[in-house]
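There are 2 protein chains.
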Amino acid sequence: MTDTASLTLDQVFDFAVRVMTANGLSEPHARANAAVMRDCQRDECQSHGLYRLIMCVRTLRAGMVVTDATPEVFDHAPGVVRVDAKRGFSLLALDAGLPLLVEKARASGIAALAIQNCFHFSALWPEVERLAEHGLVGLAMNPSHAWVAPAGGTTPILGTNPFAFAWPRKDGPPFAFDFATSAMARGDIELHRREGKPLPPGTGIDARGNPTTDPLAVLDGAMLPFGGHKGSALSLMIELLAGPLIGDLTSLESMQYDEGAEAAPLHGQLLIAIDPARFTGGDSASHLARAEALLDATAGQGARLPGQRRHEARARTLAAGHVSIPRKLYEDLLALIPEAKR
Amino acid sequence: MTDTASLTLDQVFDFAVRVMTANGLSEPHARANAAVMRDCQRDECQSHGLYRLIMCVRTLRAGMVVTDATPEVFDHAPGVVRVDAKRGFSLLALDAGLPLLVEKARASGIAALAIQNCFHFSALWPEVERLAEHGLVGLAMNPSHAWVAPAGGTTPILGTNPFAFAWPRKDGPPFAFDFATSAMARGDIELHRREGKPLPPGTGIDARGNPTTDPLAVLDGAMLPFGGHKGSALSLMIELLAGPLIGDLTSLESMQYDEGAEAAPLHGQLLIAIDPARFTGGDSASHLARAEALLDATAGQGARLPGQRRHEARARTLAAGHVSIPRKLYEDLLALIPEAKR
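Heads up: the sequence lines are chains V and W, in that order.
Numbered per this note's numbering, the first sequence spans residues 1 to 342.
Numbered per this note's numbering, the second sequence spans residues 343 to 684.
Below, the structure is given as structure tokens:
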């Protein structure tokens, strides 16, 4: 027996659907979630691939997510789509709202999609890449749980608040990135704890507000934003835009709602779509070509173009026709399926 | 003779208008620029107060800016206003486009203003604060000159690319911030050079790509983005959004256009305005109240709320009825007025 399991992308999808439906999630939600896990696994974005099933099942078993919620789409304003996820997972709500968002962005030049009352646990880049595949520029953001202290403070009131951006490219996949506005993703701190590795300085503080490199002390204390007061300001902006602006919870309010269950956070999500053709009309192709020169000048000097590693992994996976995951992880995930359903 | 000069805000405005018109700028442009310099001086944002006249006059004397350009407004799409600044300064173009941007944001929920072919040299926060004073959320960004190397690279291809955000507050001035996506503002590096002070590590690299704390070596080499690869990704996003998206120059192209004149960069600017009332309707007041709780939780734990220092300075200035600037600066600025016009 090898220590890795080899699965085709279809098998990744089917397996993920099976684990989630066996834990009570409706088929439409399971398929929406599994599609993103499959894409993340394809791009070797391990933390949001099949590994995410652990978090997903924990959330399902905590009983807070509505497992068969039917998202409701509201054509809210000429530039605003609102989708009430009805306390279900966010991705089916995104599927429901995306066509109207694309239509509005093409009609107006810029439009927003507010997903409300959702449990979000995926990476953001697959969501903005979908906008770029329609030829649109995409931005996305959401709060999470209050784990991060603002720059200069010691009390965690901000989420890890991810931000994502995608830009359409004529040849090849979109230029897309996402990042947590915390210095490190929460999952990575947990990985450091499990492996007994110290954190890089600046990642967080202990419960008394002192700098520490001990992962457990940071998990009990507070994480810090990336980039000092600038990253902290961005994180606050994300709280406001994907929280009170759209009528949803801040990370602090989401944490209170959770009551210690450690389930995925309940909150909103904001996506913004922009149509280059509505800014520069028939000239947009030549302007997009100038963007290529900038992206090439970045990658050409040996700087990593954000998303570049993912796209290289994607090419490798598509050529190989399968992905490999640690055998131990595969067995842990299989064990998430109740015995009677295995 | 004291070593500071005391001026009322009206005197700041009039003096700035006088320096600019004496150097050939049309009255409408001079008044638009002077209004922002006055507001920056009021908030003790020294680098963008009267001090900015030095840069402004250098740009005027370089002969590249069109001193009497009349901005032209285009109602480009339901969610897009475009203003051609016709190679004039940006602020008169902003004045021209702002009413239609506000109208579109209120009608659609979200709208964009693209200012094209402009010379921008002000701080961004006064511009987004104007949107917040209309009850709107504001974002703004622009490229500059290619002074910054992307994370992991050594060749400067990115601008210092400022980003700004403003959020309306019921009582008191808006929550607003702006920051350069470079680790340090270019003007601050120049100040370090003038004062013979070393830079903090991580500010820049020399012409051979090695880390250095020597300001002159960084000015000859490359500045670095704030926050490593995350800040670098944001800077790239700003290049794309306020450059090719709206049909304007990237920082690299602007640098080439400048041909070493060291004038203000020629480029575009993107503003986005969002109307909370179009997202949450009649409930927006209660949601904005929740935002207050978040902002209070930030300031309440001793963390500096972005913009807080400016607002404290504003209150001080308004109470005192005047601002103080170094006598030497005042005399240097007076000397910018040709003798015959003094």
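Here a beta-carbon is modelled for each residue, glycine too, at the ideal position from N, C-alpha and C.
Source: prediction; values computed, not measured.
Beta-carbon proximity of residue i to residue j, cut-off 8 Å
i, j, result
"glutamate 129 of chain V", "proline 162 of chain V", "no"
"valine 148 of chain V", "alanine 222 of chain V", "yes"
"alanine 502 of chain W", "leucine 294 of chain V", "Residue 502 of chain W is actually threonine in this sequence, not alanine. For threonine 502 of chain W and leucine 294 of chain V, no; Cβs fall outside 8 Å."
"glycine 24 of chain V", "methionine 37 of chain V", "no"
"phenylalanine 13 of chain V", "glycine 569 of chain W", "no"
"isoleucine 588 of chain W", "alanine 456 of chain W", "yes"
"aspartate 548 of chain W", "aspartate 530 of chain W", "no"
"alanine 164 of chain V", "leucine 124 of chain V", "yes"
"valine 19 of chain V", "leucine 333 of chain V", "yes"
"alanine 488 of chain W", "leucine 500 of chain W", "yes"
"alanine 376 of chain W", "proline 680 of chain W", "no"
"leucine 613 of chain W", "glutamate 445 of chain W", "no"
"arginine 669 of chain W", "threonine 346 of chain W", "yes"
Nearest neighbour of residue i, chosen from the options [CA to CA]
i, options, result
"alanine 435 of chain W", "W:Lys446, W:Val423, W:Asp356", "W:Val423"
"proline 586 of chain W", "W:His609, W:Phe431, W:His571, W:His653", "W:His609"
"valine 73 of chain V", "V:Asn117, V:Lys341, V:Asp332, V:Phe226", "V:Asn117"
"glycine 439 of chain W", "W:Ile580, W:Val479, W:Gln611, W:Ala506", "W:Gln611"
"proline 71 of chain V", "V:Arg58, V:Pro198, V:Ala32, V:Ala62", "V:Ala32"
"threonine 659 of chain W", "W:Thr350, W:Asp345, W:Thr346, W:Thr344", "W:Thr350"
"valine 218 of chain V", "V:Pro201, V:Ser232, V:Leu234", "V:Pro201"
"aspartate 248 of chain V", "W:Tyr599, W:Ile499, W:Ala633", "W:Ala633"
"phenylalanine 119 of chain V", "V:Asp3, V:Glu133, V:Leu131, V:Pro143", "V:Pro143"
"alanine 474 of chain W", "W:Arg360, W:Thr496, W:Gly546, W:Leu443", "W:Leu443"
"threonine 2 of chain V", "V:Leu224, V:Leu329, V:Glu339", "V:Leu329"
"leucine 578 of chain W", "V:Ser90, V:Thr298, V:Lys341, V:Leu199", "V:Thr298"
"alanine 508 of chain W", "V:Leu240, V:Gly300, V:Met64", "V:Leu240"
"glutamine 301 of chain V", "W:Pro498, W:Arg669, W:Gly546", "W:Pro498"
"alanine 180 of chain V", "V:Ile272, V:Ser122, V:Leu252", "V:Ser122"
"arginine 616 of chain W", "V:Gln11, V:Ala77, V:Arg327", "Position check: residue 616 of chain W holds isoleucine in this sequence, whereas arginine was assumed. The option with the nearest alpha carbon to isoleucine 616 of chain W is V:Ala77."
C-alpha gap between residue i and residue j, whole angstroms
i, j, result
"cysteine 56 of chain V", "proline 215 of chain V", "23 Å"
"aspartate 520 of chain W", "aspartate 39 of chain V", "35 Å"
"glycine 79 of chain V", "glycine 421 of chain W", "7 Å"
"serine 286 of chain V", "lysine 170 of chain V", "11 Å"
"alanine 105 of chain V", "methionine 255 of chain V", "33 Å"
"threonine 212 of chain V", "leucine 402 of chain W", "52 Å"
"glutamate 654 of chain W", "arginine 186 of chain V", "35 Å"
"arginine 304 of chain V", "asparagine 552 of chain W", "18 Å"
"proline 306 of chain V", "aspartate 68 of chain V", "36 Å"
"lysine 428 of chain W", "valine 408 of chain W", "7 Å"
"histidine 229 of chain V", "alanine 16 of chain V", "39 Å"
"glycine 138 of chain V", "aspartate 426 of chain W", "25 Å"
"serine 6 of chain V", "leucine 288 of chain V", "39 Å"
"serine 524 of chain W", "arginine 193 of chain V", "32 Å"
"alanine 340 of chain V", "leucine 53 of chain V", "19 Å"
"alanine 30 of chain V", "methionine 64 of chain V", "16 Å"
"threonine 154 of chain V", "serine 232 of chain V", "13 Å"
"glutamine 650 of chain W", "arginine 656 of chain W", "10 Å"
"arginine 208 of chain V", "leucine 224 of chain V", "14 Å"
"leucine 136 of chain V", "leucine 191 of chain V", "35 Å"
"proline 168 of chain V", "alanine 140 of chain V", "15 Å"
"aspartate 437 of chain W", "alanine 584 of chain W", "18 Å"
"proline 441 of chain W", "arginine 58 of chain V", "50 Å"
"glutamine 46 of chain V", "glutamine 11 of chain V", "16 Å"
Alpha helix (DSSP H) segment containing residue i, residue limits
i, result
"aspartate 10 of chain V", "9-22"
"cysteine 118 of chain V", "From DSSP, cysteine 118 of chain V is part of no alpha helix (DSSP H) but of the beta strand (DSSP E) over 110-119."
"valine 408 of chain W", "Here valine 408 of chain W belongs to no alpha helix (DSSP H), and DSSP marks it neither H nor E."
"arginine 314 of chain V", "308-320"
"alanine 233 of chain V", "228-241"
"alanine 474 of chain W", "467-475"
"alanine 525 of chain W", "Element bounds for alanine 525 of chain W: n/a, residue is neither H nor E."
"alanine 377 of chain W", "369-384"
Residue span of the beta strand (DSSP E) that contains residue i, given as start and end
i, result
"phenylalanine 177 of chain V", "175-180"
"methionine 348 of chain V", "Outside the displayed span of chain V (1 to 342) sits residue 348 of chain V, for which this structure offers no information."
"arginine 290 of chain V", "Looking at the DSSP string, arginine 290 of chain V is not in any beta strand (DSSP E); the run it does join, the alpha helix (DSSP H), is 284-300."
"isoleucine 614 of chain W", "608-616"
"histidine 487 of chain W", "Careful: histidine 487 of chain W lies outside any beta strand (DSSP E) and carries neither H nor E."
"phenylalanine 279 of chain V", "Note, phenylalanine 279 of chain V: premise wrong, no beta strand (DSSP E); alpha helix (DSSP H) at 277-280."
"histidine 418 of chain W", "414-419"
"alanine 303 of chain V", "Taken as a continuous stretch (DSSP letters only), alanine 303 of chain V belongs to no beta strand (DSSP E), as it is neither H nor E."
"aspartate 84 of chain V", "80-84"
"proline 162 of chain V", "162-167"
Proximal residues of chain B, C-beta to C-beta of residue i below 8 Å
i, result
"threonine 155 of chain V", "This model lacks chain B altogether; the protein chains it does include are V and W."
Counting Cβ pairs closer than 8 Å, one from the segment 436-456 of chain W and one from the segment 614-621 of chain W, do we hit at least three? yes
Stretch-stretch touch, CB-based, cutoff 8 Å, three pairs: the segment 652-665 of chain W with the segment 381-394 of chain W: Contact holds: three or more Cβ-Cβ distances are below 8 Å.
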